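Step one of this worksheet: look at the structure below.
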């Protein structure tokens, strides 16, 4: 068992985020849907996002992630306008209008009203209940026969996964190990729901088992809270440890490159060990000399403009206005939520099977 434990791989934060992004693209991006307004493929081609690589997210993970966030924001804004009965962004709401004199209410009353209204929004658009959604669609259909609105389902899938992606990003920034463990349990269900992500579900289950049962209390604590680093201090300024390691590797390579032809194994090892200190000395010198660092960011088009244009496209589509039988041609059977397709009986059998396999020191 000890030998098996040494061979186990621990999932890092960046790997988890990349796996979720692959899952989102495999679920909501299809090459043939380029003419279907509101789909990821439609927005990618219309707004010329060439730095988005759905087939291989790691090839351009920054562009792929930013694109998902942009489309998600547009859908969330469309959901908000539908919920509050707003036609244009500068209009006043016609639904759930705040009570008169709310500005003069106590903080507790404001919080109570906020939780009530936002709770209804979350129940309808972020984490929709299947029975409630089915009843809502039936009541909104004037025709005799009822057929689910799959365009609405696509939008609800997009919002649910977008909000969860933001949850993972925020978990990293806050350095919240406990929330990270909870996120893994949600990811397990997402990956299990997709036939193309079954290997991810096994990895996620193994990662959960490591923290909950397999590792010592000390090691589980380190695995929970030791995945984040904060170099500069301050709340919400953590980064993932594997990202920090990539930065350190890049700094070491820069130091070695500066050695010119004087590269021996011993010299490179010495230079690599000193890389972090060299960087701190350089930064202190530049700060004292008021030397401004040249920007090394890639020149990307501002996403704010595209997000507003995406929102305008969605205003024409009205994805959340229930229309019986409506669907995107390439997503004609999409479910209300990725987890809606999970057979819980088979899922628990799968869990029991892998619990036995992990306890014996292997997984399939």
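Residue numbers (our numbering): 379 to 742. Just so you know, even glycine gets a beta-carbon here, dropped at the ideal spot from N, CA and C. None of these values were measured; they are calculated from a predicted model.
- Scanning its chain for C-beta atoms nearer than 6 Å, with the 5 sequence neighbours on each side dropped, one finds around residue 432 the residues 403 and 407, in chain order.
- From the listed residues 577, 533, 553 and 611, the smallest Cα separation to residue 693 is found for 533.
- For residue 540, the CB contacts under 6 Å within the same chain, skipping 5 residues up- and downstream, are 450 in chain order.
- Taken in chain order, the unbroken stretches of alpha helix (DSSP H) that lie wholly in the region 455 to 500 and span 4 residues or more are 485 to 499.
- Shown here for residue 415: same chain residues with a beta carbon closer than 7 Å to its own, the five before and five after excluded, namely 691 and 695 in chain order.
- Taken in chain order, the complete alpha helix (DSSP H) segments of 4 residues or longer contained in the region 511 to 595 are 528 to 552, 555 to 570 and 576 to 587.
- Rounded to the nearest whole angstrom, the CA to CA distance from residue 427 to residue 701 is 30 Å.
- A distance below 6 Å between beta-carbons, with the five flanking residues on each side excluded, links residue 609 to no residue of its chain.
- Inter-residue distance for residue 515 and residue 537 is about 18 Å (C-alpha atoms, whole angstroms).
- Distance from residue 626 to residue 390 at the Cβ level is roughly 14 Å; contact not present, criterion being Cβ atoms closer than 8 Å.
- Taking 8 Å as the upper bound for CB-CB distance, residue 397 and residue 578 are in contact here, some 5 Å apart.
- CA-to-CA, the gap between residue 605 and residue 555 works out to about 8 Å.
- The beta carbons of residue 529 and residue 706 sit about 6 Å from each other, so the pair counts as a contact at 8 Å.
- Beta-bridge analysis with DSSP links residue 607 to 617.
- For a cut-off of 8 Å, the C-beta gap from residue 571 to residue 417 is around 19 Å, too long to register as a contact.
- With fewer than 16 other CB atoms across the displayed protein chains lying within 10 angstroms of its CB, residue 738 is exposed.
- Here the region 433 to 442 does not lie against the region 720 to 731, with fewer than 3 beta-carbon pairs under 8 Å apart.
- Around residue 689, the same chain offers 452, 455 and 456 as residues with beta carbons nearer than 7 Å, after the five sequence neighbours per side are excluded.
- Per the C-alpha coordinates, the member of 613, 681, 583 and 652 positioned closest to residue 726 is 583.
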